[in-house]
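In the working numbering, the protein residues as written are 365 to 621. For glycine and all other residues, C-beta sits at the position ideal for the given N, C-alpha and C. Predicted model, so just to flag it, every value in this text is computed and none were measured. Notes for the one structure printed next.
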């Protein structure tokens, strides 16, 4: 039994490139099937979804082509389908990379899926309930105060909010990314804590780029969560432990992480 398990493990670790491509194709197909199912469900319920997105805007929406409303409905349904199927997609990613991991490393599958899903959803919800109301109110009011009447096009509005929500969802996964890098031996909590000042600088740049308004208040709405997420990543590494440090090829030296 033990020899059979070792043989199976050896086969997984020495799988040819064609085997990896077949496995990748299988995982992609499964992810697309689940995404397609939730896309269809979201398309059936597109009216309440659009109402939820529309109520953020303190102005009316317009469309300037006969097919625009239809294509926007497909786009929103796709995003909603991806949002709901995200945990399953993460599971497929893990199943693809797990054969190359040790058994003790595979135990992180459920924390990885649950943690990644939680932070992604938290980022999207934070954007919807906190960032977008302030940002849209500021931007519309800025034009109205200068005598400009808003005639916001449906496509532009939906693209604007979906991109922001997706960006916040992915950025909120910073703690998971840092923990995975630490498990791989690429970074350590000590180095991350030591370089905190550079993280603050980088986070401020990211906040300035992603914040849709130029005012400091909305920028801080983005920057403060980024700093908190960075600290959560450090504490998560300390709590869950780090992997062995990587060695520099050809030198036998340990990478200074």
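For residue j and residue i, the rounded distance between their alpha carbons
i, j, result
"residue 602", "residue 553", "6 Å"
"residue 532", "residue 420", "17 Å"
"residue 522", "residue 506", "20 Å"
"residue 455", "residue 605", "22 Å"
"residue 433", "residue 390", "34 Å"
"residue 445", "residue 388", "21 Å"
"residue 478", "residue 597", "15 Å"
"residue 518", "residue 427", "5 Å"
"residue 383", "residue 467", "21 Å"
"residue 572", "residue 579", "10 Å"
Three-state class that DSSP yields for residue i in the structure shown
i, result
"residue 556", "helix"
"residue 516", "strand"
"residue 425", "strand"
"residue 420", "coil"
"residue 432", "helix"
"residue 472", "coil"
"residue 382", "helix"
"residue 504", "helix"
"residue 511", "coil"
"residue 409", "coil"
Identity of the residue in the options nearest residue i by Cα
i, options, result
"residue 546", "600, 585 and 565", "600"
"residue 400", "447, 426 and 423", "447"
"residue 576", "413, 443, 504 and 436", "504"
"residue 442", "456, 478, 415 and 405", "405"
"residue 560", "430, 462 and 593", "593"
"residue 394", "410, 520 and 450", "450"
"residue 480", "381, 584, 538 and 565", "538"
"residue 483", "556, 540 and 512", "540"
"residue 437", "460, 392 and 407", "407"
Range of the contiguous alpha helix (DSSP H) that encloses residue i
i, result
"residue 545", "538 to 547"
"residue 595", "580 to 604"
Any non-hydrogen atom of the ligand COA closer than 8 Å to residue i Cβ
i, result
"residue 593", "Looking for the ligand COA in the displayed structure turns up nothing, as the structure carries no ligands at all."
Contacting residues, own chain, Cβ-Cβ under 6 Å from residue i (five flanking each side not counted)
i, result
"residue 492", "none"
Contacting residues, own chain, Cβ-Cβ under 7 Å from residue i (five flanking each side not counted)
i, result
"residue 418", "425"
"residue 496", "420, 525 and 528"
"residue 501", "422"
"residue 372", "Confidence at residue 372 is low in this model, with a pLDDT of 42, below 50, so its placement is unreliable and the value that follows should be read with caution. If we look at residue 372 and ignore the five residues flanking it on each side, it has no Cβ neighbours."
"residue 366", "Reliability of the predicted coordinates at residue 366 is poor, the pLDDT of 40 falling under 50, and the value obtained from them is presented with this limitation in mind. There are no such residues."
"residue 568", "587"
"residue 488", "447, 529, 532 and 533"
"residue 458", "473, 476 and 477"
Cβ shell of residue i (< 8 Å), same chain only, five flanking positions each side left out
i, result
"residue 490", "532, 536 and 589"
Test: residue i CB closer than 9 Å to a CB of chain D
i, result
"residue 593", "Of the chains in the structure shown, none is chain D; there is only one protein chain."
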